[in-house]
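J.:
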Amino acid sequence: MPYEYDDQNVFAKILRGDIPNKTVVETEHTLAFHDINAQAPVHVLVIPKGAYVNYDHFGAEATAAEITDFTRTLAKLTADLGVAPDGGGGYRLIANSGEAAIQEVPHMHVHILGGRPLGAILARAAS
Ligand code: 5GP
Numbered sequence: 186m187p188y189e190y191d192d193q194n195v196f197a198k199i200l201r202g203d204i205p206n207k208t209v210v211e212t213e214h215t216l217a218f219h220d221i222n223a224q225a226p227v228h229v230l231v232i233p234k235g236a237y238v239n240y241d242h243f244g245a246e247a248t249a250a251e252i253t254d255f256t257r258t259l260a261k262l263t264a265d266l267g268v269a270p271d272g273g274g275g276y277r278l279i280a281n282s283g284e285a286a287i288q289e290v291p292h293m294h295v296h297i298l299g300g301r302p303l304g305a306i307l308a309r310a311a312s
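Residue numbers (the numbering used here): 186 to 312.
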């Protein structure tokens with residue numbers, strides 16, 4: 186099934202400059218900015234500039250240049266944000282994709298969380 190991208194999503198608006206953001210770093214293919222509702226002392230969102238709905242879409246259809254740029258930018262950021270495992274305490278990456286993960290914004294993004302102990306990977310659900 187082809188991926189359907191909604192260009193009215195909030196991150197598309199940020200990429201167009203219609204909505205302001207607190208940019209951490211911008212490269213040719215990637216933008217990183219602070220989450221508006223931070224869940225930890227460090228909470229940064231990393232997004233590709235291309236129109237990809239979720240991680241599946243990005244992994245399947247992004248170019249090698251986009252994937253390399255995204256991965257290298259994210260890896261460098263953890264050090265710049267002071268949360269690299271080697272001396273910074275470590276971090277967690279989250280890429281909510283689709284309904285079960287309650288993906289709020291349908292533009293592929295990875296959360297970088299850190300700056301405090303993050304607890305277990307998942308909250309315990311009732312069933
Ligand atoms: P998701 O649940 O889709 O993985 O996470 C979407 C994230 O986007 C949430 O953590 C939310 O706080 C963040 N977010 C939603 N709207 C905005 C916005 O306008 N600006 C910024 N910087 N973050 C946003």
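Positions of the beta carbon are idealized from the N, C-alpha and C atoms, including for glycine.
None of the values given here were measured: they were computed from a predicted structure.
#1: Whole angstroms are fine: how far does the CA of residue 247 sit from the CA of residue 207?
#2: Output the distance between the C-alpha atoms of residue 223 and residue 190, rounded to the nearest integer angstrom.
#3: Report, in whole angstroms, the separation of the C-beta atoms of residue 161 and residue 200, which I expect to be a contact under 8 Å.
#4: Helix, strand or coil, according to DSSP, for residue 256 in the structure here?
#5: Taking 7 Å as the cut-off, does the CB of residue 315 come closer than this to any heavy atom belonging to the ligand 5GP?
#6: Can you name the residues that DSSP bridges to residue 208?
#7: Is it buried or exposed for residue 299, if we count other Cβ within 10 angstroms and need 16 for buried?
T.: Taking the coordinates as given:
#1: By one-based count along the sequence shown, residue 207 stands at place 22. By one-based count along the sequence shown, residue 247 stands at place 62. Residue 207 and residue 247: Cα-Cα distance of roughly 25 Å.
#2: Sequence index remark: in the sequence shown, residue 223 carries index 38 (1-based). Sequence index remark: in the sequence shown, residue 190 carries index 5 (1-based). Linking residue 223 to residue 190 through their CA atoms gives a straight-line distance of about 26 Å.
#3: Since the first residue of the chain shown is 186 and the last is 312, residue 161 is not available in this structure.
#4: The residue given as residue 256 occupies position 71 in the sequence shown. Correct three-state label for residue 256: helix.
#5: Residue 315 cannot be examined here, being either before or after the span of the chain that is shown, 186 to 312.
#6: Numbered from 1 along the sequence shown, position 23 holds the residue referred to as residue 208. The beta-bridge partner set that DSSP reports for residue 208 consists of 218.
#7: Here the question's residue 299 lines up with position 114 in the sequence shown. Residue 299 counts as buried, since at least 16 other C-beta atoms from the protein chains shown sit within 10 angstroms of its C-beta.
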